[in-house]
Structure formats: C-alpha cells, structure tokens
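Numbering (my numbering), first residue to last: 5 to 517.
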C-alpha cells in the first residue's frame, strides 16, 4: 500500500488555518473531513517540523486502498503550560537575586513574589535586566505553576518548548539541548530542576523546586549562596555555574545527615523495644527501613544525574565555548566521591537495621508470647491425665474397690487443676506488676516534671555516646584522611545471636519468664 505524498507540505502563510478554525471546524465525535493534508497551525511552543514528519493536528487514515492525511482536532498542538498533569500547582513563589560579577558587592535579594497574584509585578522585576556585562541574575521558583513558568521563560528569552521539556522528566538526569544545560535532581520527595545558558543579553540561572520543598535542603543551599564554603577563591558572583555545585553539595549533605540520624535512631529504637515492648516500638523499625530505602533511592538518582552531568561537562570542555567552568567541574567530581561513598555504605546500614529489627522481634515474641506458655502448660498438665486414663482403660484397678479408683482419679485431677491455677495466677501477677510498675513510673515522671520526650532524649543521648565510642574504636584510615566523609562504622557482629545469649533465652523460656 502506497503512502500519498504530501502535496501541500509547505503552503502559504495565508492558507494555514488558525487553531480556532481547526478546533471549531469539526466536532470531536464526528468523522474528520479530508483536507488534502492541510498543515496544522504552528505555535510558539512547536518547532518547525521536517517535511518527513506528519504535522501536528493531522493523522494518517486508510481510505480504500490508499493512505490519506486528515485533520484531527484532538491532536492539534496545545499549550503545555496549561497541562495540569505537568504543572499542577495552583500557586508559586518566585525569588530574584542579582549578583555583581566585577564588584565586591553583596547580592541584591528582591522581595519574594507570590503568584499568581503578583504576575504583573513579576514581569516588571524580570524586565529590569541591569548592566548585563557586570551582573547576572538567579531566578528561583517554588511550585510548578504553568503561567508563572511561562512568564519566566518569555521574559528571559528562553525557547518555550526547551524550557518546558525538563519538567516532564520522570528521572534524575542532565542534558545539553541547543546550548541549554538542563539538570533534574531528587532529594527526599523534593524535585529540583536547574536550567542554565549563557546569554550576553540576559545572563540568568533558573532553578525550580516542587511546592514546599525540603526546608533543610533550602537552608543549606541558601547558606552557600550567602556565605560560600571553605574554598574562598570560588566566588559565586563571578561564576554562575557554581550553582550546580551548590545544589549537589546541599543534597548530599542532607542525605548524609538523614542517614546518620537514622543510624543513631536505630539503637534508640532497639532500647525502647527492649525496655517498653509494644507494637508501636516494633513498627518504628519498619518505618526506619522505609526511610533508609528512600535515602538509597535518592542517592542512586543523585549518582546517576551527577555522573551524567560530569560527562556532559567533559564533552563541553572539548569545545571552545562551554557553560561550566573548570572549578565547577573539579568540585562536582569531588562531591561525586561523597555520593559514591554514601551509596556503598547505605546497604550496610539497611542490613544492620534489618538484623536489629529481627533480633528485637524474636526476643519480644520469645519472652512475651502467652499463647506458647499456655500451650506448654496444657501439654504438661495433660500428661498425668493421659497416664491415668490409660491405666483405667487397661483395667489395672479392676480388682480394687470403686472408692479407691475415685480417690486416685480425683487426686490426680485436683493436682492438675491446682497446678494450672498456680501457673495462671503467677502469669496474672506478673502482668499486673508490670502494669503497676509502668503506672508508678508514669506517676513519678509527672511528679518530677518529666515527659516521654525527655525520656526518649535521654535514651537517645545514651545511644549516641555508645555510637561515638564504637566509631572511635572502629575509625579507619580513610576517615582520618577525610573527616568530612560520613562513615557508618557498623558492627553487625553485635547483633548476631551468641551461644550464651541463646542459652539464656532458652533457660528463661523453661522458667516461663
């Protein structure tokens, strides 16, 4: 079957129908009319198509024995900034900061604008470009608000299709498109988009985050913008590309801090599970493992995105004009080492959390399972009854009087019932004493002005001291060379069940304690 050639692939501008004409020319449920392959309207969002492609708003259909092209309003180009699926936030906050490249002057922070109420004011602020040879601007937007991002793209002379394309990415990555560097990061449910290109007429670095981003990430990022780091020769006001290093540095610091805190909470949760056994204390181990898994996923995404960004920068440096400086390239590689180190250590933390959770669960189940105790008691109590029943069934006491048989049978039954009463009473007494002791502890806490949070803080402090002792005991040469690197200092041997501990647990089970 032969494809009908596109005879009107490039009609005159006056013959191209408008978007309103196409959308209103046919009902969506009606059969589209053949229009000799009329070209769909062009918009500022759709780049010119090669004649080898089927235009937007047109589809192929089989009529008889030939392929023809017909208008299809459902496939007409639309404004992507109106797509609620991509830009679903109804509000946004925009912060504009101006840096002075040739003067040792502090950056000028504009008043944060709340969109969509301040849309007109945003255009006024963005139009004030200043002296582009002496300054550059950083535009930060919190929230994916379609009209706001479209305004930013228009006022900064960004191609609308290139600008909007990065927000459809589903994974962390980096890409160079038509001289525009696009980077997408993740940090604990916070999406970060970074867009940068060098334009003499309007030098600007644009960053966007999802609505209500991680506050610790925002604090670390803005702290570098205000104060820099220990390398005083790296000046952000002179090198806008250092914003990539600032973001990567903030994300890895946030992930390292989260992993370190979860590692410390692991031992606090174990102490709480042993001192105050409950389902809530065991459920915390599950939440802890889920948090570690999320950190692992974010670290993997950061490693892949940073690796891709470093490769793109390396390709750019092979040319004369490149967007990222050599200093930024070096610092990104340095941070990449921290990312790989955390990536290698997180599985050890996760395995240790699973081992401690399993040990805590087995210990609590072993010492507090009343059903197993009751089953053991009934099993032991049934032994005398079984013996007596067997003797009676064999006629062992047939030559004796019935009174003696009744006395023997009644004595054994009474002994069994008395034993059951003693065991059950002992268990009830132990349970009552545990509840009474908890009540006394809570009453003493109220009298002394203590609360549950203070008790948790004290136990966390004890666990922290123990953790510091373990870290000092297991400190490696790598840690002494790089003290800023996070080291978990795990000791999985402490969580294994030793023969002495196993014998103690088995003996306690025999004593029903």
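Built from N, CA and C at the ideal position, the CB exists for glycine as well.
- Note on residue 75: 16 or more other CB atoms within 10 angstroms of its CB, so buried under the neighbour-count rule.
- Each of 268, 303, 320, 71 was checked against the Cα of residue 343, and the nearest Cα belongs to 303.
- Within the same chain, 187, 198, 200, 313, 328, 332, 336 come within 8 Å of residue 248 by CB-CB distance, once the 5 residues on both sides are set aside.
- Beta-bridge analysis with DSSP links residue 191 to 194.
- Counting every other CB atom within 10 Å of its CB across the protein chains shown gives residue 89 a total below 16, marking it as exposed.
- No residue range can be given for residue 162, since it is assigned to no beta strand (DSSP E) and is classified by DSSP as neither H nor E.
- Setting aside the 5 residues that flank it on each side, residue 468 is surrounded in the same chain by 268, each with a C-beta closer than 7 Å to its C-beta; the list follows chain order.
- Taking 8 Å as the cut-off, the beta carbon of residue 98 is found closer than this to the beta carbon of residue 152.
- Annotation: residue 246 to residue 288 spans about 39 Å, alpha carbon to alpha carbon.
- Residue 239 sits in coil when the DSSP states are folded into three classes, being neither helix nor strand.
- Straight across, the Cα-Cα distance linking residue 105 with residue 138 is about 5 Å.
- For residue 326, the CB contacts under 7 Å within the same chain, skipping 5 residues up- and downstream, are 320 in chain order.
- In this structure the region 248–263 lies against the region 338–352, because at least three pairs of beta carbons, one per stretch, are closer than 8 Å.
- In terms of CA proximity to residue 148, 213 leads the group 140, 213, 133, 194.
- With respect to the C-alpha of residue 220, the residue from 202, 194, 238, 244 having the closest C-alpha is 194.
- According to DSSP, residue 75 shares a beta bridge with 62.
- The C-alpha of residue 155 is placed about 21 Å away from the C-alpha of residue 103.
- In the three-state reduction of the DSSP assignment, residue 138 falls in the coil class.
- Closest by C-alpha distance to residue 358, out of 292, 339, 70, is 292.
- Between the alpha carbons of residue 205 and residue 141 lies a gap of roughly 12 Å.
- In its chain, beyond the 5 residues on either side, 150 have a beta carbon closer than 7 Å to the beta carbon of residue 86.
- Taking residue 258 as the centre and dropping the five residues before and after it, the same chain places the C-beta of 191, 192, 218, 220, 221, 224 closer than 8 Å to its C-beta, in chain order.
- Between residue 166 and residue 184, the C-beta gap is smaller than 8 Å, which places the two residues in contact.
- Per DSSP, residue 128 is one residue of the alpha helix (DSSP H) stretching across 123–131.
- In the DSSP assignment, residue 178 forms a beta bridge with 187.
- DSSP places residue 213 in the strand class (E or B) of the three-state scheme.
- Less than 8 Å divides the Cβ of residue 177 from the Cβ of residue 309.
- Under the three-state reduction of DSSP output, residue 259 falls in the helix class.
- Of the residues assessed, residue 71 falls on the exposed side of the cut-off, its CB having fewer than 16 other CB atoms within 10 angstroms.
- Taken atom to atom, the span from the alpha-carbon of residue 114 to that of residue 101 is near 6 Å.
- The beta carbon of residue 64 lies closer than 7 Å to those of 58, 71, 73 in the same chain, with the five residues before and after it left out.
- Cβ atoms of residue 119 and residue 130 stay farther apart than 8 Å, at about 12 Å.
- When rounded, the separation of the alpha-carbon atoms in residue 296 and residue 175 is 19 Å.
- Of the candidates 231, 234, 233, 196, 196 places its Cα closest to the Cα of residue 216.
- Secondary structure at residue 55: coil, using DSSP grouped into helix, strand and coil.
- Excluding the 5 residues flanking it on each side, residue 311 has same chain C-beta neighbours closer than 8 Å at 340, in chain order.
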